[in-house]
Amino acid sequence: MFQILEIGPQGPAQVSQGDDRVGPPPEGVVRWIDLEAQDAAQLAVLAERFQFHPLTLEDCSHFDQRPKVETYADYLFLVIHGFRLPSPDGDGIDSLELHLFLGERFLVTVHAEPIPGVEMVWKRLEGEGALLHRGPDFVAYLVADAVVDAYFPLLDDIASQVDEIEDRVLDEHSQVELAEIFRFKRLLVELRKVLSPQRDVFALLAKRGEGWVGERTALYFRDVYDHVLRLHESVEATRDLLGNALDAYLWSASQRTNEIMKRLTLLSAVFLPLTFITGFFGQNFDHLPFGDDRLLVAMVATCIALPAAMVYFFVRSKWF
Amino acid sequence: MFQILEIGPQGPAQVSQGDDRVGPPPEGVVRWIDLEAQDAAQLAVLAERFQFHPLTLEDCSHFDQRPKVETYADYLFLVIHGFRLPSPDGDGIDSLELHLFLGERFLVTVHAEPIPGVEMVWKRLEGEGALLHRGPDFVAYLVADAVVDAYFPLLDDIASQVDEIEDRVLDEHSQVELAEIFRFKRLLVELRKVLSPQRDVFALLAKRGEGWVGERTALYFRDVYDHVLRLHESVEATRDLLGNALDAYLWSASQRTNEIMKRLTLLSAVFLPLTFITGFFGQNFDHLPFGDDRLLVAMVATCIALPAAMVYFFVRSKWF
Amino acid sequence: MFQILEIGPQGPAQVSQGDDRVGPPPEGVVRWIDLEAQDAAQLAVLAERFQFHPLTLEDCSHFDQRPKVETYADYLFLVIHGFRLPSPDGDGIDSLELHLFLGERFLVTVHAEPIPGVEMVWKRLEGEGALLHRGPDFVAYLVADAVVDAYFPLLDDIASQVDEIEDRVLDEHSQVELAEIFRFKRLLVELRKVLSPQRDVFALLAKRGEGWVGERTALYFRDVYDHVLRLHESVEATRDLLGNALDAYLWSASQRTNEIMKRLTLLSAVFLPLTFITGFFGQNFDHLPFGDDRLLVAMVATCIALPAAMVYFFVRSKWF
Amino acid sequence: MFQILEIGPQGPAQVSQGDDRVGPPPEGVVRWIDLEAQDAAQLAVLAERFQFHPLTLEDCSHFDQRPKVETYADYLFLVIHGFRLPSPDGDGIDSLELHLFLGERFLVTVHAEPIPGVEMVWKRLEGEGALLHRGPDFVAYLVADAVVDAYFPLLDDIASQVDEIEDRVLDEHSQVELAEIFRFKRLLVELRKVLSPQRDVFALLAKRGEGWVGERTALYFRDVYDHVLRLHESVEATRDLLGNALDAYLWSASQRTNEIMKRLTLLSAVFLPLTFITGFFGQNFDHLPFGDDRLLVAMVATCIALPAAMVYFFVRSKWF
Amino acid sequence: MFQILEIGPQGPAQVSQGDDRVGPPPEGVVRWIDLEAQDAAQLAVLAERFQFHPLTLEDCSHFDQRPKVETYADYLFLVIHGFRLPSPDGDGIDSLELHLFLGERFLVTVHAEPIPGVEMVWKRLEGEGALLHRGPDFVAYLVADAVVDAYFPLLDDIASQVDEIEDRVLDEHSQVELAEIFRFKRLLVELRKVLSPQRDVFALLAKRGEGWVGERTALYFRDVYDHVLRLHESVEATRDLLGNALDAYLWSASQRTNEIMKRLTLLSAVFLPLTFITGFFGQNFDHLPFGDDRLLVAMVATCIALPAAMVYFFVRSKWF
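Protein chains in written order, with this note's numbering: chain A, 1 to 320; chain B, 1 to 320; chain C, 1 to 320; chain D, 1 to 320; chain E, 1 to 320.
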């Protein structure tokens, strides 16, 4: 569904729906057209009114593009990725593609599903329509900034969960599932896949004078670029910490083996000598002084004292 | 066998076979010559009619080239790689080389075996001959696009199989063969070997004005370039996931060791004390009150109660 | 709180407080304005008097920037990171952000907390006011140099602790906690995160003629750049050594398993044969010559000699 | 020993020996001077007649150079590496250095030992002397091509041996020596050390107009460059596969541990209960009904049935 | 202490000491000033006479610089690193800093301790004074070459020791200390830290026309650059081999575990059945035919034959 927000030279910002005003605005008017849940018919309207390149419109119908920026004669075509929060039991984030056509006096945004960042900026502009006077490139900056900044709470959340996993692995050695560590590894692989090309996109936009991005707005895109860089570094640092957690996990398996081995060795050390003693006195020799009661007492005493002494010795020498 | 598809200034597209029309077409005509299962005689015809460089024709006879693009005075020489689907029990993909000579008014494609992407575009152009009017560079784009896009289902298939392997490793610990994981590692090594140089090829073609690729077609090659980038990122991400699967597999070996050790320790813990008890009462002392039936009952009770208590204790304290 | 240090064409350096003199100084005057624990009102004063870009002032209020350098028409905006020493039981370093605005005749430094390097330079300039005549870019160099040089004792301390950890792991095999190794890994990840972008910052400033940094001062910034490079190389080398320590730690776990296994095997080797011997003579055969005393003596001798011989053999053949 | 092959403007190619004709040839003559097993006196002759730079002649006397290309005023100095096949029981390849001086009308090749590629080209030119008319740069191409192409069978051989090692590791788990894997790792390290700088050499020569390499010949060097790239990629891919083999080898050690543990546990599981039973009936109680024959039969039956049942259970539940 | 070596337009080279002649030489004179064990007073003399930049002199007093090259108006400032041989029981190499000031007619070298390469060149120039006529840049080349070439025997020595360690790990499995491997790893980390920046230094000097390095001498510095590259590649290759040694070492730990396990299993396999047999005949049943001598003989025969058969079977089936 098309939604249009526009402002003329003087008047306040106007909101409208439907495809009447879809098209390049007249001189002095700045127009933002938002198209959600696009279908073939609506894309055909865009193609006809704006003369967008067939390839870019094909991209808009498939929505399987990596973040990129492409310069055409009359407009800049931008693909950036937001994300839908992973459901608690899900195993991944869904990225939400946002396609932007940025021309001299217009911005067209196309997305298949509602994206929180876009909605937020739309509401803000409905209130502060005058911001539209700063040009469609500034609106594009506001949208990109809102979409990128939404990654920060997600990454902070992941970082603190990874931190907590590392602590748990080191403290208790048994309550962490390997699948849990791999789930985060997968999440970070996906985030990196989304953020890496985005870095190039904003580095390009931050260079002054690229396409329809004015010099003044380029300064703002440099800010977005810095944010993406910071996100990227956070992803890398979190991967490093997750690597620690995995190392610790694998190590705790050896540790457990050692614990079990120690118990088995302790058991054997206590009972093998006892079995020998009882076996010794179970032999059938005529002249063994088996009738002597003091020997019996000594045997029983040994059977009690020997294991006790061994356990005491093991504990004291920190053998176990 | 030579197959020729050509279109004149007005007329519809014409299809012919044999080497009569092999050669640069006259002004106003666009010609696509497809040569499958080339032999020395046919390459000699190409050499004579088109004056192709001896090195490029030598490449065509060997078919062991890496993807590359080479600019000559009169034409652009392109090598790209498709692939033959791995047979279910095979251990690798076979890459299918496709050599393209792209001139001002002609495109010559040479390949040893049928390549699905080439056949698809050929059939499409037989129907929509007018597309030939967009120039041989556009035809080259159509072929390259069809060849590259064929990788997507292959990679999606590999990615989902790797996913499923990781799940199986984590869930059951025993039904996965190491050879299976290595088979995919090998596949991904081969795919990367094919895709990496292809990246450079299309990056070059996407730059406007290179050789006989027009500015308008360069935009389309940029699209192919983006696809190759996406394929490349998928290969890397799948390698990462496969690395997880391998880590989990190696870890599951330690895990199995621990399981077996636990059973052995449990067995020893249950039977060593019992052996001691029976050994104790097997001793030959005169004054041991062996004649007392209550002792007999106590002994039998101990032989039943002690293991039961130990197992209960182990289970309850989650020792095992 | 604003603190101002300034020097006129002739007079000695003057120190003042409060916001009276906040603003670009008149011709011939060099002014350093230091703002600690900034609040919104003070930033508003800066915005009004200096016309700083809204984005840079927003950065100053958030203090979550990575090191960077941004050129504006009238000034250079610089973010560099110092650090607060980790508390002994803490698990990380806190970086202290320092924001610098460097203009033709002024330097404005903004920081949330006291930074030792800044205080040191301030005290030095109070004494040697004439240094201000070398320009605000030279003052910026002094501050950057003091902040960067503070990393050296920290890194030397970390390197020697890592060295000592490696020695302890190799010598005693048991007194090191895995958590200790991971604490240093985390520290180094954080340090690298802070130092990497700083490298780019000073590389840029070391190029002559960038923004308001004079050619003569650029030579000095090249020195700071070399220091950052050296710090970076130290971080990498320390990571390598920490990797060694981790390898050794993981290896010592296998080593411990082997030690325990050896003891278990020794125990079994000593007692299993003895148990067989006593079992042999515990059998109930009529015609076994159990009444012969020499056999009894032989049996007892064997029970003493056999284990002794085995232990002797094991020790001598370095089996254990 | 000097060997000279030269062709005048018309005449056929002439072969001569000795140092009479060593020196720059007259106008219209193309001369190839091959010097094998050079000594100081012969190098002095070269220095005097050609005025080669002292550093390049020093290189020729030491033969410990990495592949490189150096441009001098009158000639191009080239170092490339061939190799001597590793002996079956050897542990490395010996690289054979080939030094080339390429001038306007001459090519001087210096090598300490016979290099098959050089001999092959020499024989070919003796037959087809007219090829010399294409210039000394083309002769240099022929030599470089022959030397580089000799690597292909070597690498194919290594790749198939590594393949076979991986298969053996996965199938039998015991017939591969770790030393065998490391021998190939070492071979690949050496090959990479030789091929990496060669890449840069031919990349430089493939650029048109470098030194005395004509534009037409540069096309041919691009071909050599592509071959070196392909060799390099093969080395990397083979390293990856060797990494797999090593992983599998290390994993098979854990696997063997598990196998042995299983057998030990099986043994214990079968005999510990039996020992308990016989111990039970070996006790000395008066009122135990030891005189009952049915009990005897039951005991013997249990001693047979119990182990059988356990083994059956273990096998059926895939415990073992 | 200052040592001066200089040559006038005609006369032979003159050697002098003390600071009389410290300073830029007159036209036509080439002067090399060597300052060993510099102190503040001597550096002040250099500062006064040569007007060296304060930062470079500060570097000379601290001696904690990484290799670098800095261009000033009147001279080139160079830092390169030699090394002191590690003492046999030491755990590292000490790098020896050498600072060079290279002007139009002078070379000043400053170092804290005697450096063999510098002494060697000094002695050579005392003998062949005419070499000074080739300019101070050529003298700087001679010094740099001597300092760099001293690394070759060190690296060859390390490489052969690492080789020998790998062989020992593979052959005997027990005589290598992990600390030994780590000592070499540390050595290589340090060497790489010293050689990496040196690479950049000589790459810069090898470019013609940089600072006071003439075109002719640049050719010689390219030679030094090639040597540093070769050293660097050797360090990397040696690290690879050391990685093999470490892998083999870690693997040998698993191997030892397996050996011990096998022995334990063999012991258990031999004695557990025997214990069962003796236990069986130790039972107290009335009607067991314990009086039969043939049974006794059979029992003893079994006790001998069974273990023998098992060991034979194990050895034959390569179980052990």
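Cβ atoms here follow ideal geometry from the backbone N, Cα and C, with glycine treated the same way. All values reported here derive from a predicted model rather than from experimental measurement.
Residue i: buried (16+ other C-beta within 10 angstroms of its C-beta) or exposed?
| i | result |
| --- | --- |
| E/T71 | exposed |
| C/H62 | exposed |
| A/S234 | buried |
| D/M1 | exposed |
| A/G282 | buried |
| A/H99 | buried |
| D/S16 | exposed |
Using a Cβ cut-off of 9 Å, pull out every chain D residue sitting near residue i, in sequence order please.
| i | result |
| --- | --- |
| E/Q161 | Result: empty, since nearest Cβ-Cβ is about 16 Å, beyond 9 Å. |
Under three-state DSSP, which class holds residue i?
| i | result |
| --- | --- |
| D/V311 | helix |
| B/V69 | strand |
| D/G279 | helix |
| E/V228 | helix |
| A/V189 | helix |
| B/E177 | coil |
| C/F77 | strand |
| D/F2 | strand |
| D/G243 | helix |
| A/F221 | helix |
| B/F182 | helix |
| D/F271 | helix |
| D/F83 | strand |
If contacts are defined as beta-carbon pairs under 8 Å, then residue i and residue j qualify, I think. What distance do you get, rounded to the angstrom?
| i | j | result |
| --- | --- | --- |
| C/V189 | C/I80 | Between C/I80 and C/V189 the Cβ distance is about 19 Å, and since that is not below 8 Å, they are no contact. |
| D/G135 | D/G214 | 6 Å |
| B/L296 | D/F285 | 5 Å |
| B/Q161 | B/F184 | 7 Å |
| D/W212 | D/L76 | 5 Å |
| C/P60 | C/L43 | A quick correction: the sequence has Cys, not Pro, at residue 60 of chain C. Contact holds; Cβ gap of about 6 Å. |
| B/V108 | B/V143 | Between B/V143 and B/V108 the Cβ distance is about 11 Å, and since that is not below 8 Å, they are no contact. |
| C/A253 | A/Q255 | 6 Å |
Strictly below 9 Å CB to CB, what residues from chain C border residue i?
| i | result |
| --- | --- |
| A/G282 | T278, G279, F281 and G282 |
| A/A248 | L178, A179 and F182 |
Can you pull the chain C residues whose beta carbon is under 8 Å from the beta carbon of residue i, in chain order?
| i | result |
| --- | --- |
| E/A253 | W251, S254, Q255 and N258 |
| A/R222 | E70 |
Measuring only from the beta carbon, is residue i closer than 7 Å to any heavy atom that is part of the ligand FAD?
| i | result |
| --- | --- |
| D/F184 | Questions concerning the ligand FAD fall outside what the structure shown contains, since it holds no ligand whatsoever. |
Residue i versus chain A: which residues are under 8 Å apart at the beta carbon?
| i | result |
| --- | --- |
| C/F271 | L272, P273, T275 and F276 |
Taking Cβ-Cβ distances shorter than 8 Å, what residues in chain B pair up with residue i?
| i | result |
| --- | --- |
| A/S268 | S268 and L272 |
| A/V189 | A237, D240 and L241 |
Using the beta-carbon of each residue, which ones in chain D are nearer than 8 Å to residue i?
| i | result |
| --- | --- |
| E/F50 | Going along chain D, no residue has its Cβ under 8 Å from E/F50, so there is no contact; the nearest lies around 31 Å. |
Quiz prompt | Uninterrupted alpha helix (DSSP H) stretches inside the region 91-150 of chain B (no shorter than 4 residues) | solution = Complete alpha helix (DSSP H) runs here, min 4: 116-127 and 136-149.
Self-check item: Start-end ranges of the beta strand (DSSP E) lying completely within the region 15-59 of chain E, minimum 3 residues
Solution: 30-36
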